């Protein structure tokens, strides 16, 4: 949260968040994921989120892009992405 607040002080137009939930307790990860949409909406900041917790990322994302071995294997509106139909085959083959 301190890193995000510090970055926002420079009034960026876009932010790249790389694994913001990494190493956090589940409650704190939820807190961070609740803050991201507020940050983008209230401050008008675009956000590129890189996150392995796909379910949590999809819950706040506008668009989903999944890479496998450096190739884009899914690019769709986040609301259209279904875990079982779209992501399980990508993650588990």
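In the working numbering, the protein residues as written are 116 to 208.
Quick reminder that beta carbons are idealized off the backbone N, C-alpha and C, glycines included.
Just so it is clear, the structure is predicted and the values come from calculations on it, not from any experiment.
Throw me the rounded Cβ distance for the residue i and residue j pair, which I believe falls under 8 angstroms.
{"i": "residue 128", "j": "residue 160", "result": "7 angstroms"}
{"i": "residue 189", "j": "residue 201", "result": "6 angstroms"}
{"i": "residue 126", "j": "residue 148", "result": "In fact, because the Cβ distance is near 23 angstroms, the residues do not count as touching under 8 angstroms."}
In the DSSP assignment, the alpha helix (DSSP H) including residue i goes from what residue to what residue?
{"i": "residue 201", "result": "No alpha helix (DSSP H) holds residue 201; DSSP gives it neither H nor E."}
Sort the options by Cα distance to residue i and report the nearest one.
{"i": "residue 181", "options": "206, 130 and 121", "result": "206"}
{"i": "residue 156", "options": "136, 141, 145 and 130", "result": "130"}
Helix, strand or coil for residue i? Go by DSSP, reduced to three states.
{"i": "residue 191", "result": "strand"}
{"i": "residue 123", "result": "helix"}
{"i": "residue 173", "result": "helix"}
{"i": "residue 161", "result": "strand"}
{"i": "residue 140", "result": "coil"}
Taking the continuous beta strand (DSSP E) assigned at residue i, which residues delimit it?
{"i": "residue 133", "result": "129-133"}
{"i": "residue 182", "result": "178-183"}
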